[in-house]
Amino acid sequence: MVMTRVLPRPRAMRLRLPRMSALTWTGLILLLLFLLLALAGPLAVGDATARTGETLAGPSSSHLFGTDHLQRDLFARTAEGARVSLLVAVAGVGFGLVVAVPAGLVAGYFGGRWPDDVIMRILEALQALPLFVFALFVIGITGTGDTELGFLTLTSTTKVVLLLGIGFIPYFARVTRSATLVEVQEDYVDSLRVVGVPRRRIIGGEILPNVLPPVLVQAFLWIGVAIFAESALSFLGLGIQPPQPSLGNVLGDATSYMLLGAWWYSIIPGLVILIATIGFNLLGDGLGDALDADARR
């Protein structure tokens, strides 16, 4: 009689999703509301510069957010402004990442040696100058309009993106450097060096994928900061210039009419800025907590 061994049936693999706290769910809901307004809003409404109603009319069925002082629909202005502010924030953070991540990788890989010292001194010089002081200096020289640099034209939007990106570089580079310093101490890096793997392959192919998760979480957090910073610059007249709407310059236009009873003109764009900032920060904190929990497991 031939005995056969019955192998146990393998367990079905389960996809583990990180548990999200109530605050993280709140951030997700707020972020979805903001993205719905910023991405779908401009498609659902007409021209944000068209005069379609009465002057400073309150919220109604025909104008959900009311109208502004030039008879323009405030929902269209706010939706288009949210889209512009989101694109500027994402582009600014992306520019900062493109510069900061390679710099942080090199600094961390050569920790304590001259490449690390040179990169860190440059980052400290950038970080010593506050973003708004730097913006005032640059825009004071170039003006708020378009700037011609030979064959290259820098619009006000492009200048805001570059200013935000330059301001974020030190923070992203420091996070990348700290994570790289930890990875360099791991045994797999020593093993790759022993077998003769090229340095660029170790940094780009092995260390970079392990460093990216915490860096991307920080980038997510800084998108909310970038939306707030762009709104502040545009509110002061240093950012996106009219007639192109952004959350900052829409709110800036509303300040003169708050005392006339047009509460919707300033409160609604301000709430949108608040929702975006809180949503990105709460969800970013939740993603960071999930990564920490996975690391502990």
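Take the sequence shown: its letter number 277 is residue 277 in full-length UniProt numbering, and every next letter is one higher.
C-beta atoms are modelled at their ideal positions from N, C-alpha and C, and glycine is treated no differently.
All values reported here derive from a predicted model rather than from experimental measurement.
What's the gap between the Cα of Glu186 and the Cα of Leu271? 46 Å
Let me make sure I understand the geometry here. Which of Ala254, Ile227, Gly284 has the alpha-carbon closest to that of Gln218? Gly284
Nearest to Asn249 by CA position, among Leu260, Leu259, Gly261, Tyr265, is which residue? Tyr265
For Asp68, count neighbouring C-beta atoms within 10 Å of its own C-beta (all shown protein chains included) and say buried if the count is 16 or more, exposed if not. buried
Would the beta-carbon of Pro243 be found less than 8 Å away from any heavy atom of the ligand COA? You won't find the ligand COA in this model; it holds no ligand whatsoever.
Secondary structure of Arg83, DSSP reduced to three states: helix
May I ask you to report which of helix, strand or coil DSSP gives Asp73? Correct three-state label for Asp73: strand.
With 16 other Cβ atoms within 10 Å as the buried cut-off, status of Val194: It is exposed - the Cβ of Val194 has fewer than 16 other Cβ atoms within 10 Å.
Leu64 by DSSP, collapsed to three states: which one? coil
With a Cβ-Cβ cutoff of 9 Å, do Gly224 and Ile278 count as a contact? Yes.
Taking Thr153 as part of the beta strand (DSSP E), name the residues at either end of that continuous run. 152-154
Go ahead and label Leu17 buried or exposed: buried means 16 or more other beta carbons lie within 10 angstroms of its beta carbon, across all protein chains shown. At Leu17 the pLDDT is 47, less than 50, meaning the model places this residue with poor confidence; the figure from the coordinates comes in the next sentence. So Leu17 counts as exposed.
Check the DSSP bridge columns for Arg51 and list the partner residues they point to. Arg72
What did DSSP end up calling residue 303 once you bin it into helix, strand or coil? Because the chain in this structure spans residues 1 to 297, residue 303 falls outside the shown range and cannot be described.
What's the C-alpha gap between Ala76 and Ala44? 9 Å
Is it true that the CB of Leu86 sits closer than 9 Å to the CB of Ile227? yes
Comparing alpha-carbon positions, which option in Arg201, Trp222, Asp146 lies nearest Gly167? Trp222
Only counting runs of 3 or more residues, tell me where the beta strand (DSSP E) segments fall wholly within the region 147-191, in order along the chain. 147-149, 152-154
Contact belief for Val88 with Val160 at Cβ below 8 Å, rounded distance in angstroms: Rounded to whole angstroms, the Cβ separation of Val88 and Val160 is 6 Å, and the two are in contact under 8 Å.
Round the Cβ separation of Leu240 and Thr157 to the nearest angstrom and send it over; I've been treating them as touching at under 8 Å. Inspection of the sequence shows that residue 240 is occupied by Ile rather than by Leu. Contact flag correct, Cβ pair sits at about 6 Å.
Look up Leu15 in the DSSP assignment and say whether it is helix, strand or coil. Because the pLDDT at Leu15 is just 39, under 50, the model does not fix this residue reliably, and the value given afterwards should be weighed accordingly. When secondary structure is reduced to three states using DSSP, Leu15 falls in the coil class, being assigned neither helix nor strand.
Exposed unless 16 or more other CB atoms sit within 10 angstroms - verdict on Thr180: buried
Using only CA atoms, which one of Arg72, Leu291, Ala276 lies nearest to Gly27? Ala276
At least 3 beta-carbon pairs within less than 8 Å: the region 89-108 vs the region 201-220: yes
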